[in-house]
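K.L.:
Going from the sequence shown to this note's numbering is simple: count from 1 and add 10.
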Amino acid sequence: MPILDKMETCIFCKIINGDVPCDKVYEDDKTLAFLDLNPVARGHTLVIPKKHFETMDEMDEETAAAVIETTQKIARAVLKFNDGYNVNQNNKPEAGQVVPHVHYHIVPRNSGDGLHYCWNKIDLSEKEIDEVKVKIQTFLK
Ligand SMILES: [Zn+2]
Numbered sequence: 011m012p013i014l015d016k017m018e019t020c021i022f023c024k025i026i027n028g029d030v031p032c033d034k035v036y037e038d039d040k041t042l043a044f045l046d047l048n049p050v051a052r053g054h055t056l057v058i059p060k061k062h063f064e065t066m067d068e069m070d071e072e073t074a075a076a077v078i079e080t081t082q083k084i085a086r087a088v089l090k091f092n093d094g095y096n097v098n099q100n101n102k103p104e105a106g107q108v109v110p111h112v113h114y115h116i117v118p119r120n121s122g123d124g125l126h127y128c129w130n131k132i133d134l135s136e137k138e139i140d141e142v143k144v145k146i147q148t149f150l151k
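Rendered as structure tokens:
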């Protein structure tokens with residue numbers, strides 16, 4: 011789908027354009043931060059670039075830097091009234107991405123809040139570790 015068509019149907023682009031309301035907490039020329047509509051914690055915030063990109067790897071460096079800067083600002087604010095925070099960022103449906111416009115979740119965390127990750131450790135042989143390491147290094151070139 012061409013980028014302009016995606017922007018017309020993208021819920022986050024509609025929020026950026028003011029066509030859909032949000033609980034905005036911060037905005038600058040490149041980014042927007044607002045409370046998640048389906049929060050898992052008090053203060054659960056999303057940071058998005060104003061330019062439409064589907065996934066993190068697609069962003070140009072300037073946009074990526076701006077998004078990280080805003081994510082850090084929100085994290086510092088959240089840390090003033092919470093014990094900690096997680097930054098979650100999902101890419102592609104297989105990784106749990108629901109809205110196809112890159113976004114960073116800042117999830118405030120507190121002792122005993124009951125949130126859990128379900129990251130099941132896998133066992134890799136030395137051979138498998140070497141193979142995957144070489145694969146990543148090869149694609150970095
Ligand atoms: Zn979008």
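Just so you know, even glycine gets a beta-carbon here, dropped at the ideal spot from N, CA and C. If you're wondering where the values come from, they're calculated on a predicted model, not measured in any experiment.
1) Per DSSP, what kind of secondary structure is Glu37 in: helix, strand or coil?
2) Can you say whether Cys128 is buried or exposed, counting buried as having 16 or more other CB atoms within 10 angstroms of its CB?
3) Is it buried or exposed for Lys61, if we count other Cβ within 10 angstroms and need 16 for buried?
4) Is Cys23 near ligand 1, with its Cβ less than 7 Å from a heavy atom?
5) Would Ala85 be called buried (16 or more neighbouring beta carbons within 10 Å of its own) or exposed?
6) Please find out if some non-hydrogen atom of ligand 1 comes closer than 7 Å to the beta-carbon of Cys20.
7) Counting only runs that start and end within the region 43-93, where is the beta strand (DSSP E) found for 3 or more residues in a row?
8) Leaving aside the five residues before and after Leu134 along the sequence, list all residues of the same chain whose C-beta is less than 8 Å from its C-beta, in chain order.
9) Any heavy atom of ligand 1 closer than 7 Å to the beta-carbon of His54?
P.N.:
Answer, in terms of the structure:
1) strand
2) exposed
3) buried
4) yes
5) buried
6) yes
7) 55-59
8) Val142
9) no
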